[in-house]
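Novice:
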Amino acid sequence: MDFTNKVIVVTGGGSGIGRACCYEFAALKGAVVVVDRDEKGGEETRHKIVADGGRAEFFAADVSSESQVEDLIKKALARTGGIDVLVNNAGIQRYGTATTTSAQEWDEVLDVNLKGAFLMARYTIPAMIQRGGGAIVNTASVQSVAAVRNSLAYVVSKHGLLGLTRCLALDYAKNNIRANCVMPGAIDTPMLRWAASLDDHPEKVIDACNRLHAVGRMGTADEVARVIAFLASDEASFMTGAAIPVDGGLLVPVGGMMFQESGTGAKKA
Ligand SMILES: NC(=O)c1ccc[n+]([C@@H]2O[C@H](COP(=O)([O-])OP(=O)(O)OC[C@H]3O[C@@H](n4cnc5c(N)ncnc54)[C@H](O)[C@@H]3O)[C@@H](O)[C@H]2O)c1
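Numbering (my numbering), first residue to last: 2 to 270.
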């Protein structure tokens, strides 16, 4: 994969999966536009890429603010001359059910995780069309196709992101723009460590996160970034509207457990 002469915008590039994406695209010779509302994290990502001989710009912006997104894309285009790839990755997690989630928390999660991706697409796609095409990759989640308890707003936002991915794929195929998403399982990032820290026994949460996956461990941000880079690359030229699990088999074991419990297969193995 080679992103020479390509400009890649990554939201949430100041931490975790987004930062790993920025490093991956820079290593593949792309010019990276790091976007994050956290100035320190975003600037650190930019600085490391440039220190390693790569090309990167950082723009501080809140993806849930239409005026900030519009301004950011204008500034990014003025600096880079065009945008080829958009990675909608910025996201937040809040916990609660329909009766314990406040309307404010609902808005906060939906605004960042879903409206943010819509706004970024809205203001980036015209630049991609001018360039003759492009690729959008959304960081969805296994929670785009499966619900978990006590995670209402997040699950709804990630289900919505899958719908957004599919609509973008249909609406802009004629413009040579592909849109896909990845559905990571539990990935060891600052977001996951923060979520574990909310529990009285964070180490038990980490242990449970490892055991969720068929492979017996969480994923790393790099493992997700490599799939995102593939989907953004010309190697994936016939892929659009796809939702790719990057989940160590998390979505598989339901069937596997049924076989083990019935004894079928286990005895033959
Ligand atoms: N870590 C996991 O287990 C996991 C699993 C599935 C999906 N995801 C998704 O992956 C994405 C990245 O998560 P992560 O684990 O790397 O989290 P993270 O918290 O390490 O990084 C998220 C980054 O997004 C930035 N951000 C948050 N709100 C923003 C906003 N309004 N505008 C601009 N930037 C904003 C944060 O400042 C941070 O730098 C999220 O969309 C998350 O939902 C994570």
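Virtual Cβ for every residue (Gly too), placed ideally from N, Cα, C.
In this text the structure is predicted, and so the values were computed from the model without any measurement.
Check whether the Cβ of Val36 lies closer than 7 angstroms to any heavy atom of ligand 1, and answer yes or no.
Specialist: Here the question's residue 36 lines up with position 35 in the sequence shown. Yes; taking the cut-off as 7 angstroms, the Cβ of Val36 has a heavy atom of ligand 1 nearer than that.
Novice: Is Asn90 a contact residue of ligand 1, with contact defined as CB to any heavy atom under 7 angstroms?
Specialist: For the purposes of this step, residue 90 is taken as the residue at position 89 of the sequence shown. Result yes, Cβ under 7 angstroms from ligand 1.
Novice: Give the DSSP-derived three-state secondary structure of Asn176 in the structure shown.
Specialist: Working through the sequence shown from its first residue, we reach residue 176 at position 175. If DSSP states are grouped into helix, strand and coil, Asn176 belongs with the helices.
Novice: Taking three-plus beta-carbon pairs below 8 angstroms as touching, is the stretch 172-179 in contact with the stretch 126-138?
Specialist: Yes, the stretch 172-179 is in contact with the stretch 126-138.
Novice: Under the assumption that Phe4 contacts Phe26 (Cβ atoms under 8 angstroms), give the Cβ distance between them as a whole number of angstroms.
Specialist: In the sequence shown, the residue the question calls residue 4 occupies position 3. In the sequence shown, the residue the question calls residue 26 occupies position 25. Between Phe26 and Phe4 the Cβ distance is about 6 angstroms, and since that is below 8 angstroms, they are a contact.
Novice: Exposed or buried, Gly217, counting other C-beta atoms within 10 Å across all chains shown (16 or more means buried)?
Specialist: Mapped onto the sequence shown, residue 217 falls at position 216. Burial call: exposed.
Novice: Distance check for Leu163 and Ala79, CA to CA, integer angstroms please.
Specialist: The count along the sequence shown starts at 1 and reaches residue 79 at position 78. The count along the sequence shown starts at 1 and reaches residue 163 at position 162. Taking the straight line joining both Cα atoms gives about 31 angstroms.
Novice: What's the C-alpha gap between Gly14 and Ile229?
Specialist: As a working mapping, residue 14 is identified with position 13 in the sequence shown. As a working mapping, residue 229 is identified with position 228 in the sequence shown. Going by the C-alpha atoms only, they are around 13 angstroms apart.
Novice: Could you check whether the stretch 184-192 touches the stretch 137-144, counting it as contact only if at least three pairs of C-beta atoms, one from each stretch, sit closer than 8 angstroms?
Specialist: The stretch 184-192 is in contact with the stretch 137-144.
Novice: Determine the direct distance from the alpha carbon of Val225 to that of Ala99, and round the result to whole angstroms.
Specialist: Within the sequence shown, residue 99 is the residue found at index 98, counting from 1. Within the sequence shown, residue 225 is the residue found at index 224, counting from 1. The alpha-carbon atoms of Ala99 and Val225 are separated by roughly 30 angstroms.
Novice: Any idea which residues DSSP pairs Asp37 with across the strands?
Specialist: By one-based count along the sequence shown, residue 37 stands at place 36. Answer is Ala61, bridged to Asp37.
Novice: Using a 10 Å radius around the Cβ and a threshold of 16 neighbouring Cβ atoms, would you call Pro191 buried or exposed?
Specialist: On the sequence shown, residue 191 is found 190 positions in, with the first residue counted as 1. By the 10 Å Cβ count, Pro191 comes out exposed.
Novice: From Arg38, Thr125 and Gly161, pick the residue whose C-alpha is nearest to that of Ile84; which is it?
Specialist: Counting from 1 along the sequence shown, the entry for residue 84 is found at position 83. Here the closest residue by C-alpha is Thr125.
Novice: By how many angstroms is the C-alpha of Cys23 removed from the C-alpha of Thr221?
Specialist: Along the sequence shown, read from residue 1 onward, the residue named residue 221 stands at position 220. Along the sequence shown, read from residue 1 onward, the residue named residue 23 stands at position 22. Their Cα atoms are separated by approximately 15 angstroms.
Novice: Might you give, ordered along the chain, the residues of its own chain that have their beta carbon closer than 6 angstroms to the beta carbon of Thr166, omitting 5 neighbours on each side?
Specialist: Sequence index remark: in the sequence shown, residue 166 carries index 165 (1-based). The residues are Asn139, Ala180 and Cys182.
Novice: Less than 8 angstroms between the beta carbons of Leu252 and Ala148, yes or no?
Specialist: Numbered from its first residue, the sequence shown carries residue 252 at position 251. Numbered from its first residue, the sequence shown carries residue 148 at position 147. Their beta carbons are not under 8 angstroms apart, which means Leu252 does not touch Ala148 by this criterion.
Novice: Buried or exposed: where does His316 fall if 16 or more other Cβ atoms within 10 Å of its Cβ makes it buried?
Specialist: With the chain covering only 2 through 270, there is no way to say anything about residue 316.
Novice: Work out the CA separation of Ile137 and Phe239 for me, nearest whole Å.
Specialist: As a working mapping, residue 239 is identified with position 238 in the sequence shown. As a working mapping, residue 137 is identified with position 136 in the sequence shown. For Phe239 and Ile137, the distance between alpha carbons rounds to 14 angstroms.
Novice: According to DSSP, which residues form a beta bridge with Thr12?
Specialist: Within the sequence shown, numbered from 1, the residue matching residue 12 stands at position 11. BP columns for Thr12 point to Val36.
Novice: To the nearest whole angstrom, what separates the beta carbons of Gly54 and Ala91, a pair I think is in contact under 8 angstroms?
Specialist: Here residue 54 refers to the residue found at position 53 when the sequence shown is read from its first residue. Here residue 91 refers to the residue found at position 90 when the sequence shown is read from its first residue. That belief does not hold up - the Cβ atoms of Gly54 and Ala91 are roughly 26 angstroms apart, past 8 angstroms.
Novice: Can you name, in chain order, every residue of its own chain whose Cβ lies under 6 angstroms from the Cβ of Ala21, other than the five neighbours on each side?
Specialist: Your numbering for residue 21 matches position 20 in the sequence shown. Taken in chain order, the residues that qualify are Ala222, Asp223 and Ala226.
Novice: Just grab the DSSP bridge partners of Ala136 for me.
Specialist: Residue 136 sits at position 135 when you count from the first residue of the sequence shown. Answer is Val86 and Arg179, bridged to Ala136.
Novice: Do Val64 and Leu120 come within 8 angstroms of each other at the CB atom, strictly closer than that value?
Specialist: Working through the sequence shown from its first residue, we reach residue 120 at position 119. Working through the sequence shown from its first residue, we reach residue 64 at position 63. Their beta carbons are under 8 angstroms apart, which means Leu120 touches Val64 by this criterion.
Novice: I'd like the span of the beta strand (DSSP E) that includes Ala244, first residue to last.
Specialist: As a position in the sequence shown, residue 244 is number 243, starting the count at 1. From DSSP, the beta strand (DSSP E) with Ala244 extends over Ala244 to Val247.
Novice: Give the straight-line distance between the Cα atoms of Asn6 and Leu115, rounded to the nearest whole angstrom.
Specialist: The residue labelled residue 6 in the question sits at position 5 within the sequence shown. The residue labelled residue 115 in the question sits at position 114 within the sequence shown. Cα-Cα distance, rounded: 29 angstroms.
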